[in-house]
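Asker: The sequence shown lines up with residues 1 to 65 when you count with the numbering used here. Glycine included, every Cβ here is placed at the ideal spot set by N, Cα and C.
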Amino acid sequence: MDAQSFMAAPRYAYSLDDAARSISISRRALYNLIDADTVRTVKLGTRRVVPATELERLLRPQEAL
Numbered sequence: 001m002d003a004q005s006f007m008a009a010p011r012y013a014y015s016l017d018d019a020a021r022s023i024s025i026s027r028r029a030l031y032n033l034i035d036a037d038t039v040r041t042v043k044l045g046t047r048r049v050v051p052a053t054e055l056e057r058l059l060r061p062q063e064a065l
């Protein structure tokens, strides 16, 4: 896989820093969402990551009840 193909490959998970940056919130705000069980994380070895689907779900407009 060359560098250009690698850069175009989809991301399936984000580090906590990258996840916060990608949706324009602070790390503290992301940790608050995680603590409130609003955002799910996954542990990969010693790292904790946020699945891309969680970020998409968080940003998806919620339907009115």
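#1: Give a yes or no on whether the C-beta atoms belonging to residue 42 and residue 33 are separated by under 8 Å.
#2: Can you tell me where the beta strand (DSSP E) with residue 48 in it begins and where it stops?
#3: Between residue 52 and the rest of its own chain, which residues show a CB-CB distance below 7 Å, the 5 nearest in sequence each way excluded?
#4: For a test of the three-state rule: what should DSSP assign to residue 13, helix, strand or coil?
Answerer: Answer, in terms of the structure:
#1: no
#2: 47 to 51
#3: 11, 12, 13 and 14
#4: DSSP places residue 13 in the strand class (E or B) of the three-state scheme.
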